[in-house]
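Numbering follows my numbering, in which position 32 of the sequence shown is assigned residue number 1130; successive positions increment by one, without gaps.
Virtual Cβ for every residue (Gly too), placed ideally from N, Cα, C.
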Amino acid sequence: MITDAHKKHWPNLVTLFFEQAEAGKKKPFLWHKQDGKYKALSWRDAATKVAKLAAALEKLNIAPGDRVAIVASNRPEWCISDLAIMAIGAISVPVYTTYTERDYAHVLEDSGAKAVIVSDRKLAKLVLPVAHELNHVHAVITIEQPHITQGLNADIYSWQGLVEDTKASVKTISEKAAKLAREDTACLIYTSGTGGAPRGVKQHHGAILHNCAGAAAVVEEFGIGNDSFLSFLPLSHAYEHTGGQFLPIMLGGQIYYAEGLDKLATNMAEARPTIMVVVPRLFEVLRTKIQRDIAKSGGLKAKLFDRTLALGEKALNRPDEMTLIDRLYNRLLDRLVRKTVRKSFGGRVKALVSGGAPLNAEVGNFFASLGLTMLQGYGQTEAAPIIAVNQRFSNKMDTVGKALPNTEIKFAEDGEILVRGELVMHGYWRDDEATQRAIADGWLHTGDVGEIDADGHIRITDRKKDIIVNDKGDNVSPQRVEGMLALEPEIGQAMVYGDQRPYLVGLLVPDVEWLAEWQRKTGNQGELKDLASDAELIAALDKAVAKINAKLTVTEKVRRFSIAPEAFTIENAQMTPSLKIRRHVISAAYEKQLIALYGAPKQVDKPQDKKSA
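Shown next as structure tokens:
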């Protein structure tokens, strides 16, 4: 393999792949489960499939600059499709598999997709009706045969059939791809904007190559060679698309596709990954599980575990305080405890790179103390997406690390982090106004407020932009959800909450007129503050929330809610003169009530106890 690929100035992502494939030949590249066992697709076979699919897309009149959407779970066909689309100069549009039919309609219509690649029957049920309605969608390519009883406006093709029946030369396709420039758009990654509807971020080849080269330089500190990645975050997420697909290609590594979060532990043992691209939520859940299991076991095992954590934390953060006895005991615990922990992750992990959402330093220190190297990074889709990351020999858990090589960072007067470099997007698709707000004089305005220490490590201190980023790194527009809730007759005002949390919760104010009518019918009288814990009122509002949840994606659903004791007004400073809610003011005023929604039981006897469907 070309082990120093990250040091070369590649013209585009496809040329990078074809050259690595030529070097890799029959070596394994993409691994997927088949009949209960991982089976490998070699670099050479993957290159052949990319060439054939690329040629097939050309026969379907997909031309340079055309958009082709990918609605599929993580699998070899996803990577091959992505590369094939780019190989002919077209633009891939990765789409989340958790979207609703309405969301698919927006992305396919906004992007002007000419074709869609769909993985399974369940997704086809949502995508096919949308494709039928949009005249610009000419073809739907299905990886698994869907159940269709009547013809559609769009032609239906079998992915496997296109690949098997098309004759194409890797040499011919790779020569065509070599003409693509780093400035050419590679993909549109859709991310939620403040207006609610997802916006397409134009990521060019150079932006992703810049990201991969910087990330590979960090990996190089651990030694490059025989690297394996376990892909489990959605490839429609910019973090996984770059870090879980193109970084392994640049490193000449192997990609194992996980079967799902429920089988992640088993897949880690089977794939034995060396690098894992992760989100904080996974480790918060693992930490809780480990702590619960240790507490149940008790005895000597619990004592050794606690001692491992204590000495590990001391060695990490206060190494000068380590005595000779501490060091000897710590080495013993490496064999007794940490070796077992590392084995549960496959036994070969060099680093776990956390991104997509802020990592709690306590969680990071917990796993680092158990012998797992955790590197927190920072970025956003508009920067392809990695901006900064910690490194092996300069790892500060309470920071997001140093900026990638060839990446400029500066701070605005209000502390907002500004970024400049090849990693910055070329703008939002068909949204010049939003692009001008985001990029000024070449500087990307991140919307995040931070500071930098003497060693060059960046610390995020606040977020300017009005977007909720949950603990899995998914972006949610609160205004979109709040607007939908407030349209229900029962709800007058709504605020959703969930930054760095596993799901959204809400604070609701009943509509004044609806509440008066409800009181007349039920006979339940009193001021709003007296009714906030009324079980009947909660049940009535829950029905309204459930109706909206049925229209929302998984990440947008409001799982629990509480009733505010008074309306949001200009007088109590919870609304602006233009009648927009002041999110930070309301969050501060009801902080305890909102936080309680994440740990409350599920009975319907108190507002903070209610769980909505």
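- Query: Is any beta-carbon of chain B found at less than 9 Å from that of Trp1541?
  - Reply: The chain inventory of the structure shown lacks chain B, comprising one protein chain alone.
- Message: Quick check: the Cα distance between Gln1118 and Val1112, rounded to an integer number of angstroms?
- Response: Here residue 1118 refers to the residue found at position 20 when the sequence shown is read from its first residue. Here residue 1112 refers to the residue found at position 14 when the sequence shown is read from its first residue. The alpha-carbon atoms of Gln1118 and Val1112 are separated by roughly 10 Å.
- Query: Taking the C-alpha atoms as reference points, what is the distance between Asn1463 and Met1495?
  - Reply: Counted from its first residue, the sequence shown places residue 1463 at position 365. Counted from its first residue, the sequence shown places residue 1495 at position 397. Answer to the nearest angstrom: the Cα atoms are 7 Å apart.
- State the beta-bridge partners of Thr1240 as determined by DSSP. In the sequence shown, the residue the question calls residue 1240 occupies position 142. Beta-bridge pairing links Thr1240 to Val1216, Ser1256.
- Looking only at its own chain, which residues have a Cβ that is under 6 Å from the Cβ of Val1376, when we skip the five neighbours before and after it? Numbered from 1 along the sequence shown, position 278 holds the residue referred to as residue 1376. Leu1450, Ser1452, listed in sequence order.
- Item | Range covered by the alpha helix (DSSP H) that runs through Ile1246 | Walking along the sequence shown from the start, residue 1246 turns up at place 148. Taken as a continuous stretch (DSSP letters only), Ile1246 belongs to no alpha helix (DSSP H), as it is neither H nor E.
- Pro1227, buried or exposed, once every other Cβ within 10 Å from all chains shown has been counted against 16: Position 129 of the sequence shown, counted from the first residue, corresponds to residue 1227. Flag for Pro1227 reads exposed.
- Query: If Leu1414 and Ala1466 are in contact, beta carbons under 8 Å, what's the gap, nearest whole angstrom?
  - Reply: What you label residue 1414 is simply residue 316 of the sequence shown in a count that begins at 1. What you label residue 1466 is simply residue 368 of the sequence shown in a count that begins at 1. 6 Å between Cβ atoms; contact.
- Query: Got a sec? Which residues, its chain only, sit under 7 Å from Asp1553 by beta carbon, not counting five neighbours each side?
  - Reply: As a working note, residue 1553 is residue 455 in the sequence shown. Once the five neighbours on either side are set aside, the close Cβ partners of Asp1553 are Ser1492.
- Task: Look at the alpha carbon of Gly1477 and the alpha carbon of Leu1114, and state the distance between them as a whole number of angstroms.
- Result: Stepping through the sequence shown from its first residue, residue 1477 is reached at position 379. Stepping through the sequence shown from its first residue, residue 1114 is reached at position 16. Rounded to whole angstroms, Gly1477 to Leu1114 spans 23 Å at the Cα level.
- Could you name the residues of the same chain whose beta carbon sits closer than 6 Å to that of Asn1172, not counting the 5 residues immediately before and after it, in chain order? The residue you call residue 1172 lines up with position 74 of the sequence shown. Correct list, in chain order: Ser1329, Leu1333, Tyr1355.
- Item | Endpoints, the alpha helix (DSSP H) within which Asp1560 is located | Walking along the sequence shown from the start, residue 1560 turns up at place 462. Asp1560 -> not in any alpha helix (DSSP H); beta strand (DSSP E) instead, spanning 1556-1561.
- Item | Beta-carbon spacing of Ile1556, Ala1486 below 9 Å | Your numbering for residue 1556 matches position 458 in the sequence shown. Your numbering for residue 1486 matches position 388 in the sequence shown. Cβ atoms of Ile1556 and Ala1486: closer than 9 Å.
- Three-state secondary structure assigned by DSSP to Thr1283: Sequence index remark: in the sequence shown, residue 1283 carries index 185 (1-based). Here Thr1283 sits in strand by DSSP.
- Task: Count the CB pairs spanning the region 1584-1591 and the region 1682-1691 that are closer than 8 Å, and state whether there are at least three.
- Result: no
- Task: May I ask you to list the residues that DSSP assigns as paired with Phe1491?
- Result: To locate residue 1491, count along the sequence shown from 1; it is residue 393. In the DSSP output, where bridge partners are listed per residue, Phe1491 has none listed.
- Query: Run through DSSP, which three-state label would Val1148 get?
  - Reply: Taking the sequence shown and counting its residues from 1, the one referred to as residue 1148 is at position 50. The answer is helix: DSSP assigns Val1148 an H, G or I state.
- Message: Tell me the DSSP secondary structure of Pro1600 in three-state form.
- Response: Within the sequence shown, the letter at position 502 stands for residue 1600. Note: Pro1600 maps to coil in three-state DSSP.
- Query: When you compare each of Val1594, Gly1163, Gly1590, Gln1598 to Ala1614 by their alpha carbons, which one comes out closest?
  - Reply: For the purposes of this step, residue 1614 is taken as residue 516 along the sequence shown, with counting starting at 1. Per the Cα distances, Gly1590.
- For Ile1737, is the classification buried or exposed, using 16 other Cβ atoms within 10 angstroms of its Cβ as the cut-off for buried? Past the edges of the chain, shown from 1099 to 1711, lies residue 1737, and the structure says nothing about it.
- Query: Roughly how many whole angstroms lie between the Cα atoms of Glu1281 and Thr1386?
  - Reply: The residue labelled residue 1281 in the question sits at position 183 within the sequence shown. The residue labelled residue 1386 in the question sits at position 288 within the sequence shown. Looking at the two C-alpha atoms, the distance is approximately 45 Å.
- Query: Which whole-angstrom value describes the C-beta separation of Val1169 and Val1148, a residue pair presumed to lie in contact below a C-beta threshold of 8 Å?
  - Reply: By 1-based counting over the sequence shown, the position of residue 1169 is 71. By 1-based counting over the sequence shown, the position of residue 1148 is 50. Wrong, their Cβ atoms sit about 19 Å apart, outside the cutoff.
- Task: Select from Arg1200, Asp1208, Pro1162, Leu1349 the residue whose C-alpha is nearest the C-alpha of Lys1106.
- Result: Position 8 of the sequence shown, counted from the first residue, corresponds to residue 1106. For Lys1106, the nearest C-alpha among the options comes from Leu1349.
- Message: Quick check on the DSSP output: the beta strand (DSSP E) that includes Gly1298 runs from which residue to which?
- Response: For the purposes of this step, residue 1298 is taken as the residue at position 200 of the sequence shown. Where Gly1298 is concerned, the enclosing beta strand (DSSP E) stretches over 1296-1302.
- Message: Is the beta carbon of Pro1371 closer than 9 Å to that of Phe1327?
- Response: Along the sequence shown, one-based indexing puts residue 1327 at 229. Along the sequence shown, one-based indexing puts residue 1371 at 273. Result yes, Cβ atoms of Phe1327 and Pro1371 sit closer than 9 Å.
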